[in-house]
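Okay, structure first, notes after.
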Amino acid sequence: KFPRLYLARKVKKDGSLYFGPYTSGAAVWGTIRFLNSTFQIRDCKDAFFSSRKRPCMTHQIGRCTAPCTAYISEEDYKEDIKGAVAFLRGRDKSVVRELTKKMKTAATEERFESAAKTRDAIESLKKILERQAVVNDTSEIDQDVVGFHGTESGTLVETIHIRSGRVIGNRPHFISLLDPNAPEEDVREWLTSFINQYYEDEFVPDELLLPVDLGTDLMKLLEAVLKERGGHSVRVRFPTDDAGHKLLEMANSNALSHYRDYVDKSEAKTRGLEEIQAKLHLPTLPLRIECFDISNFQGAETVASQVVFEDGAPNKDQYRRYKIRTVQGENNDFESMREVLTRRLRHDEYDDPQLIVID
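Its first residue numbered 1, the sequence shown is counted upward by one per residue in the working numbering.
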(Lines of atoms letter the chains of each structure in order from A and count residues from 1; the text may use other names and numbers.)
(Lines give C-alpha, C1' and ligand atoms only; values in the text may rest on other atoms or scores of the structure.)
Protein backbone atom coordinates (compact mmCIF):
# COMPACT_ATOMS: atom_id res chain seq x y z
CA LYS A 1 0.00 0.00 0.00
CA PHE A 2 2.78 2.43 0.94
CA PRO A 3 5.95 1.56 -1.04
CA ARG A 4 9.38 3.08 -0.47
CA LEU A 5 12.59 3.65 -2.40
CA TYR A 6 15.62 1.49 -1.66
CA LEU A 7 18.90 0.41 -3.22
CA ALA A 8 18.95 -2.95 -5.03
CA ARG A 9 22.14 -4.67 -6.15
CA LYS A 10 20.40 -6.98 -8.63
CA VAL A 11 17.19 -6.95 -10.64
CA LYS A 12 14.74 -9.62 -9.47
CA LYS A 13 11.31 -10.60 -10.72
CA ASP A 14 9.57 -9.74 -7.45
CA GLY A 15 7.00 -7.22 -8.64
CA SER A 16 9.11 -4.19 -7.73
CA LEU A 17 9.90 -1.33 -10.10
CA TYR A 18 13.62 -1.04 -10.88
CA PHE A 19 15.44 2.04 -12.16
CA GLY A 20 19.02 2.65 -13.17
CA PRO A 21 21.68 1.51 -13.39
CA TYR A 22 23.57 4.09 -11.36
CA THR A 23 27.34 4.38 -11.48
CA SER A 24 27.85 4.49 -7.72
CA GLY A 25 26.14 3.85 -4.42
CA ALA A 26 26.57 7.52 -3.57
CA ALA A 27 24.56 8.46 -6.67
CA VAL A 28 21.79 6.06 -5.68
CA TRP A 29 21.54 7.30 -2.09
CA GLY A 30 21.70 10.89 -3.26
CA THR A 31 18.75 10.29 -5.59
CA ILE A 32 16.79 8.44 -2.90
CA ARG A 33 17.35 11.21 -0.34
CA PHE A 34 16.34 13.85 -2.86
CA LEU A 35 13.11 12.06 -3.86
CA ASN A 36 12.21 11.17 -0.27
CA SER A 37 12.57 14.80 0.72
CA THR A 38 10.84 16.21 -2.36
CA PHE A 39 7.84 13.87 -2.37
CA GLN A 40 7.89 13.08 1.38
CA ILE A 41 8.12 9.32 0.85
CA ARG A 42 8.76 7.07 3.83
CA ASP A 43 12.35 5.87 4.22
CA CYS A 44 11.86 3.34 7.03
CA LYS A 45 12.05 -0.43 6.64
CA ASP A 46 8.84 -2.45 6.56
CA ALA A 47 9.25 -3.89 10.08
CA PHE A 48 9.68 -0.42 11.59
CA PHE A 49 6.82 0.95 9.47
CA SER A 50 4.33 -1.70 10.59
CA SER A 51 5.16 -1.26 14.29
CA ARG A 52 4.58 2.51 14.51
CA LYS A 53 1.84 3.85 16.78
CA ARG A 54 2.68 7.51 16.26
CA PRO A 55 4.73 9.49 13.70
CA CYS A 56 8.51 9.43 13.99
CA MET A 57 10.97 12.32 13.89
CA THR A 58 11.11 12.26 10.07
CA HIS A 59 7.48 13.36 9.96
CA GLN A 60 8.04 16.00 12.61
CA ILE A 61 10.74 17.70 10.55
CA GLY A 62 8.50 17.69 7.47
CA ARG A 63 10.18 14.97 5.41
CA CYS A 64 7.51 12.27 5.57
CA THR A 65 3.72 12.29 5.48
CA ALA A 66 3.52 9.50 8.10
CA PRO A 67 1.52 6.87 6.19
CA CYS A 68 2.34 4.49 9.07
CA THR A 69 -0.25 6.23 11.24
CA ALA A 70 -2.72 7.14 8.48
CA TYR A 71 -1.75 10.84 8.43
CA ILE A 72 -2.10 10.57 4.65
CA SER A 73 -4.57 8.55 2.60
CA GLU A 74 -3.47 5.69 0.38
CA GLU A 75 -4.65 7.62 -2.69
CA ASP A 76 -2.67 10.77 -1.82
CA TYR A 77 0.44 8.73 -1.03
CA LYS A 78 0.14 7.02 -4.42
CA GLU A 79 0.15 10.44 -6.07
CA ASP A 80 3.46 11.23 -4.36
CA ILE A 81 4.86 7.88 -5.50
CA LYS A 82 3.69 8.59 -9.05
CA GLY A 83 5.69 11.82 -8.99
CA ALA A 84 8.86 10.04 -7.86
CA VAL A 85 8.38 7.27 -10.44
CA ALA A 86 7.80 9.79 -13.20
CA PHE A 87 11.03 11.56 -12.28
CA LEU A 88 12.99 8.28 -12.26
CA ARG A 89 11.56 7.45 -15.67
CA GLY A 90 12.77 10.80 -16.96
CA ARG A 91 9.34 12.38 -17.27
CA ASP A 92 10.71 15.56 -15.75
CA LYS A 93 8.48 17.97 -17.65
CA SER A 94 5.29 16.29 -16.47
CA VAL A 95 6.61 16.19 -12.88
CA VAL A 96 7.38 19.91 -12.85
CA ARG A 97 4.03 20.63 -14.48
CA GLU A 98 2.09 18.63 -11.87
CA LEU A 99 4.03 20.16 -8.99
CA THR A 100 3.40 23.65 -10.34
CA LYS A 101 -0.31 22.89 -10.53
CA LYS A 102 -0.21 21.56 -6.96
CA MET A 103 1.61 24.70 -5.77
CA LYS A 104 -0.93 27.03 -7.37
CA THR A 105 -3.85 25.08 -5.88
CA ALA A 106 -2.31 25.27 -2.42
CA ALA A 107 -1.73 29.01 -2.79
CA THR A 108 -5.31 29.58 -3.96
CA GLU A 109 -6.60 27.68 -0.93
CA GLU A 110 -4.28 29.78 1.27
CA ARG A 111 -2.21 26.76 2.31
CA PHE A 112 0.90 28.85 2.01
CA GLU A 113 3.25 26.52 3.90
CA SER A 114 2.35 23.66 1.56
CA ALA A 115 2.75 25.94 -1.46
CA ALA A 116 6.21 27.01 -0.25
CA LYS A 117 7.34 23.39 0.19
CA THR A 118 6.13 22.53 -3.31
CA ARG A 119 7.91 25.60 -4.71
CA ASP A 120 11.17 24.45 -3.07
CA ALA A 121 10.66 20.97 -4.53
CA ILE A 122 10.26 22.45 -8.02
CA GLU A 123 13.47 24.45 -7.66
CA SER A 124 15.35 21.37 -6.45
CA LEU A 125 14.08 19.36 -9.42
CA LYS A 126 15.17 22.05 -11.86
CA LYS A 127 18.68 22.12 -10.38
CA ILE A 128 18.96 18.34 -10.75
CA LEU A 129 17.74 18.48 -14.36
CA GLU A 130 20.25 21.21 -15.25
CA ARG A 131 23.08 18.75 -14.52
CA GLN A 132 21.73 16.10 -16.93
CA ALA A 133 22.72 16.29 -20.59
CA VAL A 134 19.75 16.31 -22.98
CA VAL A 135 20.24 14.31 -26.20
CA ASN A 136 16.58 14.17 -27.29
CA ASP A 137 13.96 16.25 -25.50
CA THR A 138 11.09 14.48 -27.32
CA SER A 139 12.06 10.90 -26.49
CA GLU A 140 9.99 8.91 -24.02
CA ILE A 141 11.93 5.63 -24.09
CA ASP A 142 14.83 4.13 -22.14
CA GLN A 143 17.98 3.63 -24.21
CA ASP A 144 21.41 2.13 -23.65
CA VAL A 145 24.22 2.92 -26.08
CA VAL A 146 27.32 0.71 -26.31
CA GLY A 147 30.73 1.81 -27.55
CA PHE A 148 34.25 0.39 -27.22
CA HIS A 149 37.94 1.05 -27.71
CA GLY A 150 40.85 -1.33 -27.35
CA THR A 151 44.40 -2.34 -28.21
CA GLU A 152 46.63 -5.28 -27.36
CA SER A 153 46.44 -4.12 -23.71
CA GLY A 154 42.71 -4.88 -23.54
CA THR A 155 39.33 -3.45 -24.47
CA LEU A 156 37.10 -1.00 -22.67
CA VAL A 157 33.36 -1.28 -23.33
CA GLU A 158 31.31 1.80 -22.46
CA THR A 159 27.57 1.72 -21.76
CA ILE A 160 25.70 5.05 -21.73
CA HIS A 161 22.28 5.09 -20.07
CA ILE A 162 19.68 7.46 -21.53
CA ARG A 163 16.26 7.80 -19.97
CA SER A 164 13.61 9.79 -21.85
CA GLY A 165 16.26 11.68 -23.78
CA ARG A 166 18.45 12.51 -20.77
CA VAL A 167 21.85 10.98 -20.06
CA ILE A 168 21.63 9.73 -16.47
CA GLY A 169 24.97 7.95 -16.34
CA ASN A 170 27.52 5.68 -17.95
CA ARG A 171 29.47 2.61 -16.99
CA PRO A 172 32.91 1.52 -18.29
CA HIS A 173 34.00 -2.14 -18.30
CA PHE A 174 37.59 -3.17 -19.00
CA ILE A 175 38.17 -6.59 -20.57
CA SER A 176 41.77 -7.73 -20.16
CA LEU A 177 43.57 -9.69 -22.88
CA LEU A 178 40.99 -8.81 -25.53
CA ASP A 179 42.40 -7.00 -28.56
CA PRO A 180 39.46 -6.04 -30.81
CA ASN A 181 41.88 -5.42 -33.68
CA ALA A 182 43.37 -8.92 -33.59
CA PRO A 183 42.41 -10.99 -36.68
CA GLU A 184 41.33 -13.95 -34.54
CA GLU A 185 38.81 -11.87 -32.57
CA ASP A 186 35.26 -11.69 -33.92
CA VAL A 187 33.56 -8.56 -32.59
CA ARG A 188 30.14 -10.15 -33.05
CA GLU A 189 31.05 -13.03 -30.74
CA TRP A 190 32.64 -11.15 -27.85
CA LEU A 191 30.19 -8.22 -28.00
CA THR A 192 27.21 -10.60 -27.95
CA SER A 193 28.77 -12.43 -25.01
CA PHE A 194 29.32 -9.15 -23.16
CA ILE A 195 25.72 -7.99 -23.69
CA ASN A 196 24.37 -11.36 -22.57
CA GLN A 197 26.38 -11.25 -19.34
CA TYR A 198 25.84 -7.53 -18.68
CA TYR A 199 22.06 -7.73 -18.74
CA GLU A 200 21.80 -10.79 -16.53
CA ASP A 201 21.32 -8.51 -13.52
CA GLU A 202 21.04 -5.01 -15.01
CA PHE A 203 17.98 -2.97 -15.93
CA VAL A 204 16.85 -3.80 -19.48
CA PRO A 205 16.06 -0.69 -21.60
CA ASP A 206 13.50 -0.33 -24.39
CA GLU A 207 16.22 0.09 -26.99
CA LEU A 208 19.87 -0.95 -27.27
CA LEU A 209 22.18 0.77 -29.77
CA LEU A 210 25.27 -1.20 -30.81
CA PRO A 211 28.53 0.03 -32.38
CA VAL A 212 28.56 -2.75 -35.01
CA ASP A 213 25.94 -4.55 -37.07
CA LEU A 214 25.62 -8.02 -35.57
CA GLY A 215 23.33 -9.21 -38.32
CA THR A 216 19.61 -9.87 -38.26
CA ASP A 217 19.78 -13.31 -36.64
CA LEU A 218 21.98 -12.27 -33.69
CA MET A 219 20.01 -9.09 -33.08
CA LYS A 220 16.71 -11.00 -33.07
CA LEU A 221 18.22 -13.50 -30.64
CA LEU A 222 19.36 -10.70 -28.32
CA GLU A 223 15.94 -9.08 -28.52
CA ALA A 224 14.29 -12.33 -27.46
CA VAL A 225 16.72 -12.85 -24.57
CA LEU A 226 16.37 -9.27 -23.31
CA LYS A 227 12.58 -9.39 -23.65
CA GLU A 228 12.51 -12.46 -21.42
CA ARG A 229 14.71 -10.78 -18.80
CA GLY A 230 13.11 -7.34 -18.91
CA GLY A 231 9.51 -8.40 -19.28
CA HIS A 232 8.92 -6.03 -22.22
CA SER A 233 9.77 -5.69 -25.90
CA VAL A 234 13.33 -4.58 -26.66
CA ARG A 235 14.72 -3.23 -29.91
CA VAL A 236 18.38 -3.98 -30.67
CA ARG A 237 19.85 -2.10 -33.60
CA PHE A 238 22.90 -0.66 -35.31
CA PRO A 239 21.79 2.94 -35.96
CA THR A 240 21.92 4.34 -39.47
CA ASP A 241 20.33 7.70 -38.64
CA ASP A 242 22.24 10.87 -37.72
CA ALA A 243 20.92 10.99 -34.14
CA GLY A 244 21.93 7.38 -33.54
CA HIS A 245 25.39 7.95 -35.02
CA LYS A 246 25.93 10.90 -32.68
CA LEU A 247 25.08 8.71 -29.69
CA LEU A 248 27.54 6.06 -30.88
CA GLU A 249 30.22 8.71 -31.34
CA MET A 250 29.63 9.82 -27.76
CA ALA A 251 29.85 6.23 -26.47
CA ASN A 252 33.03 5.49 -28.45
CA SER A 253 34.59 8.79 -27.37
CA ASN A 254 33.84 8.01 -23.73
CA ALA A 255 35.28 4.53 -24.21
CA LEU A 256 38.52 5.99 -25.58
CA SER A 257 38.78 8.46 -22.69
CA HIS A 258 38.11 5.84 -20.02
CA TYR A 259 40.47 3.40 -21.75
CA ARG A 260 43.32 5.91 -21.52
CA ASP A 261 42.49 6.62 -17.88
CA TYR A 262 42.44 2.90 -17.07
CA VAL A 263 45.73 2.19 -18.84
CA ASP A 264 47.44 5.23 -17.26
CA LYS A 265 46.30 4.21 -13.76
CA SER A 266 47.27 0.59 -14.39
CA GLU A 267 50.75 1.61 -15.52
CA ALA A 268 51.12 3.92 -12.50
CA LYS A 269 50.15 1.07 -10.15
CA THR A 270 52.64 -1.24 -11.84
CA ARG A 271 55.43 1.33 -11.47
CA GLY A 272 54.56 1.72 -7.79
CA LEU A 273 54.66 -2.04 -7.22
CA GLU A 274 57.97 -2.29 -9.07
CA GLU A 275 59.41 0.43 -6.82
CA ILE A 276 58.26 -1.44 -3.70
CA GLN A 277 59.75 -4.66 -5.08
CA ALA A 278 63.09 -3.00 -5.75
CA LYS A 279 63.37 -1.20 -2.40
CA LEU A 280 62.40 -4.27 -0.36
CA HIS A 281 64.34 -6.71 -2.58
CA LEU A 282 61.28 -8.88 -3.16
CA PRO A 283 61.58 -11.83 -5.57
CA THR A 284 58.25 -11.00 -7.28
CA LEU A 285 55.87 -8.09 -7.64
CA PRO A 286 53.78 -7.63 -4.46
CA LEU A 287 50.45 -8.11 -6.25
CA ARG A 288 48.79 -8.90 -2.92
CA ILE A 289 49.74 -6.84 0.13
CA GLU A 290 48.21 -7.40 3.56
CA CYS A 291 48.57 -4.85 6.36
CA PHE A 292 47.85 -5.47 10.06
CA ASP A 293 47.43 -3.13 12.99
CA ILE A 294 46.72 -3.77 16.69
CA SER A 295 44.52 -1.46 18.74
CA ASN A 296 42.92 -1.55 22.16
CA PHE A 297 40.81 0.50 24.53
CA GLN A 298 42.77 1.43 27.66
CA GLY A 299 44.77 -1.78 27.43
CA ALA A 300 41.70 -4.01 27.08
CA GLU A 301 39.41 -5.23 24.30
CA THR A 302 42.34 -5.75 21.93
CA VAL A 303 41.49 -6.11 18.25
CA ALA A 304 43.46 -6.38 15.01
CA SER A 305 42.58 -4.84 11.67
CA GLN A 306 43.54 -6.25 8.28
CA VAL A 307 43.48 -4.31 5.02
CA VAL A 308 44.29 -5.84 1.64
CA PHE A 309 45.70 -4.38 -1.57
CA GLU A 310 45.49 -6.34 -4.81
CA ASP A 311 47.23 -5.13 -7.97
CA GLY A 312 47.97 -1.85 -6.23
CA ALA A 313 44.36 -1.10 -5.28
CA PRO A 314 42.48 -1.66 -1.99
CA ASN A 315 40.17 -4.68 -1.94
CA LYS A 316 37.68 -3.73 0.76
CA ASP A 317 35.77 -7.00 0.40
CA GLN A 318 38.72 -8.71 2.06
CA TYR A 319 39.19 -6.30 4.94
CA ARG A 320 38.95 -8.18 8.24
CA ARG A 321 38.69 -7.45 11.96
CA TYR A 322 40.03 -9.95 14.51
CA LYS A 323 39.19 -10.06 18.19
CA ILE A 324 42.30 -11.13 20.10
CA ARG A 325 41.60 -14.27 22.14
CA THR A 326 44.84 -15.45 23.76
CA VAL A 327 46.19 -12.18 25.17
CA GLN A 328 44.09 -11.21 28.18
CA GLY A 329 44.53 -8.49 30.78
CA GLU A 330 47.74 -7.07 29.33
CA ASN A 331 48.80 -4.72 26.57
CA ASN A 332 51.11 -6.91 24.49
CA ASP A 333 51.11 -5.91 20.84
CA PHE A 334 53.75 -8.49 19.91
CA GLU A 335 51.76 -11.47 21.20
CA SER A 336 48.58 -10.03 19.73
CA MET A 337 50.25 -9.70 16.33
CA ARG A 338 51.58 -13.26 16.62
CA GLU A 339 48.03 -14.52 17.19
CA VAL A 340 46.42 -12.62 14.34
CA LEU A 341 49.09 -13.59 11.81
CA THR A 342 48.87 -17.23 12.86
CA ARG A 343 45.10 -17.20 12.47
CA ARG A 344 45.27 -15.43 9.13
CA LEU A 345 47.86 -17.76 7.59
CA ARG A 346 45.84 -20.82 8.53
CA HIS A 347 43.20 -19.78 6.00
CA ASP A 348 44.19 -21.72 2.90
CA GLU A 349 41.20 -20.36 0.98
CA TYR A 350 42.84 -16.90 0.81
CA ASP A 351 45.57 -16.11 -1.71
CA ASP A 352 49.05 -15.90 -0.23
CA PRO A 353 50.36 -12.33 0.09
CA GLN A 354 53.69 -11.37 -1.45
CA LEU A 355 54.11 -8.72 1.25
CA ILE A 356 52.86 -8.43 4.83
CA VAL A 357 53.08 -5.05 6.57
CA ILE A 358 52.65 -4.89 10.36
CA ASP A 359 52.32 -1.81 12.53
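Glycine is no exception: its CB is placed at the ideal position from the N, C-alpha and C atoms.
By the C-beta density criterion, residue 59 is buried, having at least 16 other C-beta atoms within 10 angstroms.
Between the alpha carbons of residue 3 and residue 103 lies a distance of about 24 Å. Its Cα nearest to that of residue 292, the residue 357 stands out among 324, 357, 98 and 182. Contact between residue 158 and residue 147 holds: their C-beta atoms lie close to 5 Å from each other, under 8 Å. Residue pairing for residue 291: DSSP places it in a beta bridge opposite 307 and 357. Secondary structure at residue 254: helix, using DSSP grouped into helix, strand and coil.
Distance from the CA atom of residue 155 to the CA atom of residue 46, rounded to whole angstroms, is 44 Å.
Setting aside the 5 residues that flank it on each side, residue 309 is surrounded in the same chain by 289, each with a C-beta closer than 6 Å to its C-beta; the list follows chain order. Using a 10 angstroms sphere on the CB of residue 204, the tally of other CB atoms reaches 16 or more, which defines it as buried. DSSP places residue 197 in the uninterrupted alpha helix (DSSP H) bounded by 187-198. The bridge partners DSSP lists for residue 104 come to none. When the five nearest sequence neighbours on each side are left out, the beta carbons in the same chain lying within less than 8 Å of the beta carbon of residue 6 are those of 32, in order along the chain. Annotation for residue 247: 135, 143, 145, 160, 162, 209 and 239 place their beta carbon closer than 8 Å to its own, counting only its chain and skipping 5 residues before and after. Ranking 107, 106 and 84 by CA distance to the CA of residue 96 puts 84 first. Residue environment analysis places residue 258 among the buried positions, since at least 16 neighbouring C-beta atoms fall within 10 angstroms of its C-beta. DSSP places residue 60 within a helical segment (H, G or I) once states are collapsed to three. The Cβ atoms of residue 283 and residue 273 lie no closer than 7 Å to each other.
In this structure, 313 is the residue among 252, 242, 313 and 342 with its C-alpha nearest to the C-alpha of residue 267. At least 7 Å separates the beta-carbon of residue 176 from that of residue 263. Counting the other Cβ atoms within 10 Å of the Cβ of residue 149 gives 16 or more, which makes it buried.
Rounded to the nearest whole angstrom, the C-alpha separation of residue 188 and residue 169 is 25 Å. The Cβ neighbour count for residue 77, taken over all protein chains shown within 10 Å, is at least 16; the residue is labelled buried.
Your pair residue 65 and residue 54 does not check out as a contact, with CB atoms roughly 14 Å apart and the cut at 8 Å. By DSSP's assignment, residue 143 forms a beta bridge with 162 and 207. Taken atom to atom, the span from the alpha-carbon of residue 229 to that of residue 200 is near 7 Å. Rounded to the nearest whole angstrom, the C-alpha separation of residue 179 and residue 343 is 42 Å.
Looking at the DSSP output, residue 227 shares a beta bridge with no other residue. Annotation for residue 198: 159 and 173 place their beta carbon closer than 8 Å to its own, counting only its chain and skipping 5 residues before and after.
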